[in-house]
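One structure is given here, and the rest of the page talks about it.
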Amino acid sequence: MVSLVLHFNWSWVGLAISDDDQGIQFLSDLRGETEVKRVCLAFVISTWSYSSQELKCIITKIETSSTNVIIIYGDTYSTLAVCFRMWRSQGIQRIWVTTSQWDATTSKRDYTLDSFHGTLAFAHHHAEISGLKNYVQILNPSKFTDIFLRGLGWMYFSCEALTSNCKTLENCSLNISLEWLMMQSFDMAFSDDGYDVYNAVYAIAHALHETLLQQVENQPINTLTALDSDCSL
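Everything in the sequence shown is counted per the working numbering, starting at 251 for the first residue and increasing by one.
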């Protein structure tokens, strides 16, 4: 973010962060970078509530500041997100520099910055996971117990939930899949959070695989058959 600010010669920028450990750590890291690069912070907004009085003070601070660039950092589920709903309704026009969680292309929430004056979003570089997109496309919500897939089936494919448990879907077409949602409201892009979860699950699976291999190598020959039977279960 600091490199981008320097590229456009933005030496006077504002900062809005969530009032939590994540926001405080980001502020500390950013200040260290800006001091070295001689970039000054016009103001720092740390939101902890969204009372009308506080929001009015924040809006006044943004509107009266001479900076046209504001860096945003925080969880999209934090108070900061609620504040942005209010700022958007006030028609505040600035250049917003933020992370990919706030990007309209990777989030379908109604408080994304798609209608803001201008937004530059940063995302971690990661390669496409082989086979994942095709796997998601052919998923049929009626064949899985995942609550997210059940919700998609109920909302978009006219599936019905059994009144006995509200979990099992019925009357779903056998030919439906999530592929239709690609160009509708379901985003096939892999978010940063999703990529982190994928890597964590992959690491656990790899560690478990190595553990099982070591158990097989350390087992006497006469017990290998029993161990192989357990692994297949």
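Just so it is clear, CB atoms sit at the ideal spot from N, CA and C, and this is done for glycine as well.
Here the structure is a predicted model, which means the values were calculated and not measured.
- Taking 4 residues as the minimum length, the alpha helix (DSSP H) runs contained wholly in the segment 267 to 312 are 271 to 287, in order along the chain.
- Cβ neighbours of residue 451 within its own chain (closer than 6 Å, five residues either side excluded): none.
- Only buried fits residue 268, as 16 or more other CB atoms lie within 10 angstroms of its CB.
- Between the alpha carbons of residue 289 and residue 465 lies a distance of about 56 Å.
- Apart from the 5 residues on each side of it in sequence, residue 448 sits with its Cβ closer than 7 Å to the Cβ of 379 in its chain, given in chain order.
- Between the alpha carbons of residue 265 and residue 292 lies a gap of roughly 8 Å.
- A residue is called buried once 16 or more other Cβ atoms fall within 10 Å of its Cβ, and residue 347 is buried on that count.
- For the pair residue 287 and residue 319, the CB atoms are not nearer than the 8 Å cut-off.
- The C-alpha of residue 445 is placed about 37 Å away from the C-alpha of residue 315.
- About 6 Å separates the CB atoms of residue 312 and residue 342; that is less than 8 Å, so the two are in contact.
- DSSP places residue 253 in the uninterrupted alpha helix (DSSP H) bounded by 252 to 257.
- In this structure, the straight-line span from the alpha carbon of residue 309 to that of residue 383 is close to 42 Å.
- For residue 348, the enclosing beta strand (DSSP E) starts and ends at 345 to 349.
- For residue 322, the enclosing beta strand (DSSP E) has its first and last residue at 319 to 323.
- In this structure, the CA atom of residue 263 is about 54 Å from the CA atom of residue 462.
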